[in-house]
Amino acid sequence: MIYRMNGKIPKIVLDSVNYTYPSGTKALLDVNLNINKSELVGIMGKNGAGKTTLIRTLNGLIRPSSGRIFINGRNINDQSIAQLSKKIGIIFQNPNHQLFSNTVYEEIEFSLKSIYNEKELVRKKIEETLTLFDFQRYRNRSPLNLSGGEKKKLALASIMCRDPEIIVFDEPTLGQDAKEIEFFINLLRKEQKLGKTIIIITHNVEFTIEFIPRTILMSNGKILADGPSKNILTNEKIIEQASLILPQVSQFKIALNKLGIKTPDNLYKEDDMIDFLSTYLGSK
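Here you go:
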């Protein structure tokens, strides 16, 4: 049976999904969610909100206590973990949890060998990946001797080289410098244009507002809000319910409005706020 919605097959569907850990902790409570092909989606919420548990259900690492999950219209109960892992690539927050090989070259090689049998194809993809991620100079270096940012980049490379249909990033900007974040953003845009479905777990509200069109906000295992990032993450009431902190620009907008200074609705970035204040003060 293929799951369809309005005649189309969504990339990801969660239908009344619940999950309770063996300890009795209820991590997901009646979660309903649809994500389409080529969507770029952020999942936000405080620690313990259910974000990571939700992601782990997608690739079969844990199975829902009840409810159904569909990937490409097929129930994941009809797919093995090996089949799901070819479709879904997860880059964890801590790269040390997924780097095991002796060299950068071998790390990428190990990842590719798990899905490709042809030696020449594997070799070609290794070289392409080393070049794309600027790792040619580090090909024989131990992952242990890379910087924190470089380790995250290698973990990313080891997943991206397999060309998954769905890519999940857990806190991708954490500990990254401006150059690394720029590389990541450019990579996101490229992969989305290629039709990849991208999910980003993050606490970075400003980053989400600027680069991620849709946000799923979770709290206590439930979806609290789902919609345009700029609407959800600048809503004082919703942010308070999720126990998050309103972005500084939004806080400043609220303060200005209370003083009777009307600010534009599309004011989200610090640079835009500075420009607005310069114009406003210059007119006085």
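Sequence positions in the sequence shown follow my numbering and run 83 to 366.
Here a beta-carbon is modelled for each residue, glycine too, at the ideal position from N, C-alpha and C.
Integer-rounded CB distance, given that residue j should sit under 8 Å from residue i
i, j, result
"residue 375", "residue 252", "There is simply no residue 375 to check, as the chain begins at 83 and stops at 366 in what is shown."
"residue 85", "residue 95", "6 Å"
"residue 262", "residue 350", "Not confirmed; about 23 Å, so no contact."
"residue 125", "residue 119", "Actually they are not in contact, since the Cβ atoms of residue 125 and residue 119 sit about 18 Å apart, beyond 8 Å."
"residue 113", "residue 173", "Actually they do not touch by this definition, with Cβ atoms about 22 Å apart."
"residue 136", "residue 170", "No, residue 136 and residue 170 are not in contact; Cβ-Cβ is about 13 Å, not under 8 Å."
"residue 239", "residue 211", "5 Å"
"residue 305", "residue 115", "7 Å"
"residue 294", "residue 123", "7 Å"
"residue 318", "residue 331", "Going by Cβ atoms, the distance from residue 318 to residue 331 rounds to 13 Å, so no, they are not a contact pair."
Buried/exposed call for residue i, threshold 16 Cβ in 10 Å
i, result
"residue 217", "buried"
"residue 83", "exposed"
"residue 107", "exposed"
"residue 87", "exposed"
"residue 363", "exposed"
"residue 121", "buried"
"residue 236", "buried"
"residue 177", "buried"
"residue 163", "exposed"
"residue 254", "buried"
"residue 444", "Since the first and last residues shown for the chain are 83 and 366, residue 444 lies out of range."
"residue 290", "buried"
"residue 182", "exposed"
"residue 360", "exposed"
"residue 327", "exposed"
"residue 241", "buried"
"residue 333", "exposed"
"residue 281", "buried"
Beta-carbon contacts of residue i that lie in its chain and below 6 Å, excluding the five residues immediately before and after
i, result
"residue 152", "85 and 95"
"residue 288", "329"
"residue 205", "none"
"residue 307", "299, 314 and 320"
"residue 208", "190 and 191"
"residue 102", "108 and 147"
"residue 379", "This structure gives no information on residue 379, because the portion of the chain shown stretches from 83 to 366."
"residue 168", "197"
"residue 138", "144"
Same chain only: Cβ atoms within 8 Å of residue i, ignoring 5 sequence neighbours per side
i, result
"residue 157", "83, 85, 150 and 151"
"residue 309", "296 and 297"
"residue 91", "84, 85, 154 and 155"
"residue 195", "204"
Close beta carbons around residue i, own chain, < 7 Å, minus the five adjacent residues each side
i, result
"residue 345", "335, 338, 339 and 358"
"residue 302", "131"
"residue 175", "252, 253 and 256"
"residue 286", "255"
"residue 97", "114, 149 and 150"
"residue 215", "235 and 239"
"residue 111", "100, 303 and 304"
Problem - Every unbroken beta strand (DSSP E) within the segment 111 to 150, with a cutoff of 3 residues, ordered by chain - result: 122 to 126
Handout entry: Contact between the segment 179 to 187 and the segment 215 to 229 (3+ Cβ pairs under 8 Å)
Key = yes
Practice task
Assess, as a yes-or-no matter, whether the segment 134 to 150 is touched by the segment 314 to 324 under the definition of 3 or more beta carbon pairs within less than 8 Å.
Solution key: no
Practice task
Please determine if the segment 189 to 202 and the segment 126 to 133 are in contact, where contact requires at least 3 C-beta pairs separated by less than 8 Å.
Solution key: no
Practice task
Report yes or no: do three or more beta-carbon pairs, one from the segment 229 to 239 and one from the segment 258 to 270, lie closer than 8 Å?
Solution key: yes
Exercise for the section: Report yes or no: do three or more beta-carbon pairs, one from the segment 260 to 277 and one from the segment 297 to 310, lie closer than 8 Å? Expected result: no
Practice task
Could you name each continuous alpha helix (DSSP H) segment of 4 residues or more that falls completely within the segment 292 to 352, going from the start of the chain to the end?
Solution key: 311 to 314, 318 to 323 and 330 to 340
Handout entry: Completely contained alpha helix (DSSP H) runs for the segment 250 to 295, where each covers 4 or more residues
Key = 260 to 275 and 287 to 293
Problem - Ranges of the alpha helix (DSSP H) found wholly within the segment 190 to 219, counting only runs of at least 4 - result: 201 to 214
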